[in-house]
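Student: Heads up: the protein sequence lines correspond to chains A and B, in order.
Throughout the first sequence, residue numbering follows the numbering used here, covering 2 to 355 in sequence.
Throughout the second sequence, residue numbering follows the numbering used here, covering 2 to 355 in sequence.
Cβ coordinates follow ideal geometry from the N, Cα and C atoms, glycine included.
Number of protein chains: 2
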Amino acid sequence: MGKRNITLKELAAVLSLSPATISLALDGKGETYRIAAETRRRIEETANRLGYRPNHLARSMRRGKTDTIGVVFPDVSEAYMNRILAGIEAVALERGVSVMIATSSLDSSAEARNLDTLMDRSIDGLLLVPYAPFRGEAYKNDAVRRAMESVIPSVCIDRYLPGITTHAVIGADREAARLAAERLIAAGCRRPAYLGFDLAITTLVERRRGFNDAIKAAGLTGSSDEKLLTERNPDSPDIREWLTELTAAQRLPDGFLVSTDGLALKLRSLLRKLSPAGRGSRRSGTRRKRPLIARFGEDSPYFPTGMISVRQPHEELGRRATEKLFALIAGEVIPKEKQIEIIDMEIIDETQHH
Amino acid sequence: MGKRNITLKELAAVLSLSPATISLALDGKGETYRIAAETRRRIEETANRLGYRPNHLARSMRRGKTDTIGVVFPDVSEAYMNRILAGIEAVALERGVSVMIATSSLDSSAEARNLDTLMDRSIDGLLLVPYAPFRGEAYKNDAVRRAMESVIPSVCIDRYLPGITTHAVIGADREAARLAAERLIAAGCRRPAYLGFDLAITTLVERRRGFNDAIKAAGLTGSSDEKLLTERNPDSPDIREWLTELTAAQRLPDGFLVSTDGLALKLRSLLRKLSPAGRGSRRSGTRRKRPLIARFGEDSPYFPTGMISVRQPHEELGRRATEKLFALIAGEVIPKEKQIEIIDMEIIDETQHH
DNA sequence: GTGAAAGCGCTAACAT
DNA sequence: ATGTTAGCGCTTTCAC
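Right, dumping it as structure tokens:
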């Protein structure tokens with residue numbers, strides 16, 4: 002412990018030069034300001050030797066720029082957040098910009114608080130994965146609105162708030178959901194069902210829409226069920242109860258589109274308990290095949306999932322959003338049709354029905 | 002978009018008061034400085050109405066404190082990082098302190114860069130999960146050393162650098178590894194093996210030691226194998242090759258202690274391929290039981306793992322480290338024997354051998 | 001080629 | 001009870 006940083010003034014004293022000269026030289030402006038090559042060398046050498054590091058606060062204050070962007074998102078514990086973050090950091094790092102992160106920890110008031118503190122810290126720009134409230138849940142978006150309306154540029158990731166957000170980078174959820182559901186149908190499903198959280202975010206709303214697009218197109222409207230979970234916990238008994246009811250009503254779906262990753266694993270585990278026999282399709286002659294699962298997400302615990310997975314390009318989402326943010330910070334004007342960027346998703350089929 | 006923040010001076014002009022008075026009143030020091038109650042009310046009302054928010058940069062500069070701590074860790078994509086982060090944020094939030102995060106993205110030079118930029122931003126304190134180099138990998142720890150030796154207090158989490166780190170909060174890895182290995186032995190394993198990454202970090206070194214403690218105590222030294230992976234990728238063919246060799250040599254272990262989470266899942270999936278029959282223990286009379294697995298970690302993809310798991314108290318690690326950091330920031334002196342805090346780990350047995 | 005001076009927005013000691 | 005003043009450490013314009 003010990004060494005306080007040397008200041009520009011102190012360095013100036015050591016060199017018997019003025020702070021101004023040194024500041025210019027170290028900023029690489031020595032050329033344009035015609036500081037003697039020898040002087041520049043001396044400055045650099047001494048600065049290095051004494052370990053001079055400019056005070057970032059003072060510099061930011063003077064220049065009106067912090068070289069820091071803020072990121073607010075609801076929950077670190079979801080794996081997809083990590084991937085978004087990796088994308089953000091990759092871009093930020095290559096521009097020498099720091100990333101300040103605050104998570105809302107699944108609590109909308111924490112989101113508001115975090116947004117406000119971040120804005121106070123004079124960040125150059127803001128990336129936001131908005132909080133996902135349940136449909137019907139009270140959710141005040143003043144802080145988001147305030148943030149979006151401030152001078153500081155901002156970009157939403159993965160979902161956005163229509164009417165509030167102007168810039169966003171999201172996935173092609175509706176289309177991907179439709180394609181995934183079409184795969185289920187193509188694989189022979191006649192009773193595809195939708196399982197998801199009942200969250201009021203664009204992402205999930207669009208997935209459900211995409212599913213329904215496919216159902217309607219295939220003329221399966223009457224035979225398709227859906228379950229919208231009203232609790233955050235994927236281990237809640239709701240899914241089991243739903244499956245039990247469907248089974249009792251002789252309506253057990255032969256395929257599922259599941260809105261999120263963990264939910265799909267949970268569903269698979271429940272279905273296995275319902276029909277503990279082998280894979281169904283493996284021993285020929287088995288009367289009832291196990292239902293097919295399609296899901297958003299791609300996490301696989303080191304073995305094939307047997308599912309249809311929609312690979313969400315999270316890292317790309319993060320990267321593109323950050324690039325967009327830097328464009329905005331640089332003052333670029335983005336035409337209306339490019340304000341919401343939509344990234345395609347890849348579908349991976351691991352059902353192995355060769 | 003649009004509204005720039007109003008400054009204290011401007012607010013003062015509106016109120017026909019001096020900036021100083023307002024600053025004091027808004028800081029809650031109105032009482033001690035005996036500012037008229039009515040004046041205080043007016044100040045507060047107007048500040049609110051005009052949406053005054055103090056400029057954090059200027060404030061930090063003047064006070065020599067940023068109310069921000071920095072966190073540097075190697076990789077966001079590991080699930081355990083999320084838990085540590087949750088602990089950190091919980092404590093930081095309740096103190097009104099912001100958390101600035103930078104990840105080294107599995108690259109030791111990024112770690113150095115991140116440490117330097119964070120230190121430049123005048124953070125009040127630093128939390129560090131040091132980069133984990135492979136044994137033998139070139140790793141310059143100058144930046145870490147610099148950071149640790151600066152005036153800014155710092156605390157390491159999960160692992161530390163002996164000789165450099167002074168404050169850390171870590172798990173009781175050696176003891177937990179010994180206990181886990183003892184469980185394997187108690188469950189009848191006579192050829193327990195150790196599988197882990199060959200990383201030069203205290204955490205993993207201690208786990209291996211703990212394993213060996215148990216082996217030695219049980220007199221199984223000769224019949225115990227180990228594999229130290231020299232690649233970050235858990236999907237590399239190394240594990241498979243190791244298992245194949247062992248099988249060929251008639252030395253396939255009947256139990257494994259695995260240093261990390263994902264690795265254990267990988268191992269299980271490989272073992273299943275090796276002996277694809279049912280659970281072994283289920284159909285009585287089966288000659289060869291499937292090997293037991295004990296592992297550090299607790300991730301279970303929604304169904305019982307059948308393993309012995311060492312629950313790592315990551316959130317607590319994060320919390321305790323942050324609390325310790327705040328103590329240091331407050332100027333508390335921590336006695337030598339309390340500088341490295343060791344947190345116990347819980348062992349969860351899901352082998353279901355009733 | 002280099003330096004002087006002003007000032008970013010705030011706080012805290014010192015006046016009144 | 002409130003105001004004045006002097007910076008925190010840096011950048012930038014303008015002057016020499």
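Report back the beta-carbon spacing between Asp159/B and Val206/B to the nearest angstrom; my notes put them in contact at under 8 Å.
Tutor: Going by Cβ atoms, the distance from Asp159/B to Val206/B rounds to 13 Å, so no, they are not a contact pair.
Student: Does the beta carbon of Ser225/A sit closer than 8 Å to a beta carbon anywhere in chain B?
Tutor: For Ser225/A, the answer is no, since every Cβ of chain B falls outside 8 Å of its Cβ.
Student: If you run the structure through DSSP and keep just helix, strand and coil, what is Gly279/B?
Tutor: Below a pLDDT of 50, predicted positions are generally treated as unreliable, and Gly279/B, at 49, falls in that range; no measurement from the model is reported.
Student: Looking at chain A, is there any beta carbon in it that lies within less than 8 Å of the beta carbon of Gly279/B?
Tutor: Only weak support is given to the placement of Gly279/B: the predicted model assigns it a pLDDT of 49, under 50, and the value that follows is read from those uncertain coordinates. Not an interface residue.
Student: Is Pro254/B closer than 8 Å to Leu247/B when the C-beta atoms are compared?
Tutor: Going by C-beta atoms, Leu247/B is nearer than 8 Å to Pro254/B.
Student: Write down the C-beta distance between Thr231/B and Asp199/B rounded to the nearest angstrom, noting that I regard them as a contact closer than 8 Å.
Tutor: 5 Å between Cβ atoms; contact.
Student: Would Leu180/A pass as a contact of Ile348/A if the rule is Cβ separation under 8 Å?
Tutor: Against a cut-off of 8 Å, the Cβ pair of Ile348/A and Leu180/A comes out as a contact.
Student: Below 7 Å, is the gap between the Cβ of Ile153/B and the nearest heavy atom of the ligand NAD?
Tutor: Ligands in the displayed structure: none, and consequently the ligand NAD is not present.
Student: Roughly how many whole angstroms lie between the Cα atoms of Ile85/A and Glu316/A?
Tutor: Rounded to the nearest angstrom, the two C-alpha atoms are 5 Å apart.
Student: Could you tell me the alpha carbon to alpha carbon distance between Ile240/B and Lys228/B, rounded to whole angstroms?
Tutor: Distance between the alpha carbons of Ile240/B and Lys228/B: 8 Å.
Student: So is Val98/B buried or exposed if we call it buried at 16+ other beta carbons inside 10 Å?
Tutor: By the neighbour-count rule (16 or more Cβ atoms within 10 Å), Val98/B is buried.
Student: Flag Met62/B as yes if its beta-carbon sits less than 8 Å from any beta-carbon of chain A, otherwise no.
Tutor: Yes, Met62/B lies at the interface with chain A (some Cβ there is under 8 Å from its Cβ).
Student: Quick one: residues in its chain with C-beta nearer than 8 Å to the C-beta of Gln353/B, no 5 flanking neighbours on either side, listed in chain order?
Tutor: For Gln353/B, where only same-chain residues beyond five positions count, the Cβ hits under 8 Å are Pro305, Gly307.
Student: Are the Cβ atoms of Arg321/A and Val170/A separated by less than 8 Å?
Tutor: For Arg321/A and Val170/A, yes; Cβs fall inside 8 Å.
Student: Three-state secondary structure (DSSP) at Thr47/A?
Tutor: The answer is helix: DSSP assigns Thr47/A an H, G or I state.
Student: Using a Cβ cut-off of 8 Å, pull out every chain A residue sitting near Arg146/B, in sequence order please.
Tutor: Residues of chain A passing the Cβ test: none, with the nearest at roughly 12 Å.
Student: DSSP on Lys217/A, reduced to helix/strand/coil?
Tutor: In the structure shown, Lys217/A sits in a helix (DSSP, three-state: H, G or I).
Student: Look at Thr204/A and Asp174/A and say whether their C-beta atoms are less than 8 Å apart.
Tutor: Contact flag set, yes.
Student: I'd like the list of long-range same chain contacts for Gly286/B, defined as Cβ closer than 6 Å, with 5 residues on each side in sequence excluded.
Tutor: Low local confidence applies: a pLDDT of 45 at Gly286/B is under 50, so the model's placement there is unreliable, with the coordinate-based value given in what follows. Same-chain partners within the cutoff: there are none.
Student: Under 8 Å, Cβ to Cβ, is there at least one residue of chain B near Gly118/A?
Tutor: According to the sequence displayed, residue 118/A carries Thr and not Gly. Output row for Thr118/A: interface = yes.
Student: Check whether the region 133-140 of chain A touches the region 115-124 of chain A, counting contact only when three or more Cβ pairs, one atom from each stretch, lie closer than 8 Å.
Tutor: No, because fewer than three Cβ pairs between the region 133-140 of chain A and the region 115-124 of chain A fall closer than 8 Å, the two stretches do not touch.
Student: Between Thr67/A, Val152/A, His168/A, Thr104/A, which lies nearest to Glu338/A when the distance is taken from Cα to Cα?
Tutor: When each option's Cα is compared against that of Glu338/A, the closest is His168/A.
Student: Would you say Asn234/B reaches chain A, if we count a Cβ-Cβ gap shorter than 8 Å as a contact?
Tutor: It does not; no Cβ of chain A falls within 8 Å.
Student: To the nearest angstrom, report how far apart Arg35/A and Thr323/A are at their CA atoms.
Tutor: If I take the Cα positions, the gap works out to 37 Å.
Student: What separation, rounded to the nearest whole angstrom, lies between the Cα atoms of Leu329/A and Ile70/A?
Tutor: Taking the straight line joining both Cα atoms gives about 12 Å.
Student: Relative to chain A, which residues along the region 95-112 of chain B have a C-beta separation below 9 Å, given in chain order?
Tutor: Flagged, chain order: Gly97, Ser99, Val100, Met101, Ile102, Ala103, Thr104, Ser106, Ala111.
Student: Chain A beta carbons: is any one of them nearer than 8 Å to that of Asn56/B?
Tutor: Closer than 8 Å: yes.
Student: Please confirm if Val334/A has its CB atom under 8 Å from at least one CB of chain B.
Tutor: False, the Cβ-Cβ gap to chain B never drops below 8 Å.
Student: Can you pull the chain A neighbours of Asp121/B, defined as C-beta to C-beta under 7 Å?
Tutor: Per Cβ cutoff of 7 Å: Arg54, His57.
Student: Based on the DSSP secondary-structure assignment, which residues constitute the bridge partners of Leu119/A?
Tutor: Beta-bridge pairing links Leu119/A to no other residue.
Student: Report the start-end ranges of each alpha helix (DSSP H) in the region 158-217 of chain B that is 4 residues or longer and not cut off at the edges.
Tutor: For the region 158-217 of chain B, whole alpha helix (DSSP H) runs of length 4 or above, ordered along the chain, are 174-187.
Student: Buried or exposed, going by whether 16 or more other CB atoms sit within 10 Å of the CB of Ala178/B?
Tutor: Result: buried.
Student: Expressed to the nearest angstrom, what Euclidean distance is found between the alpha-carbon atoms of Ser282/B and Lys290/B?
Tutor: Residue confidence is low: Ser282/B scores 43 on pLDDT, short of 50, so the model does not pin down where it sits. Its coordinate-derived value is still stated next. One C-alpha to the other measures close to 6 Å.
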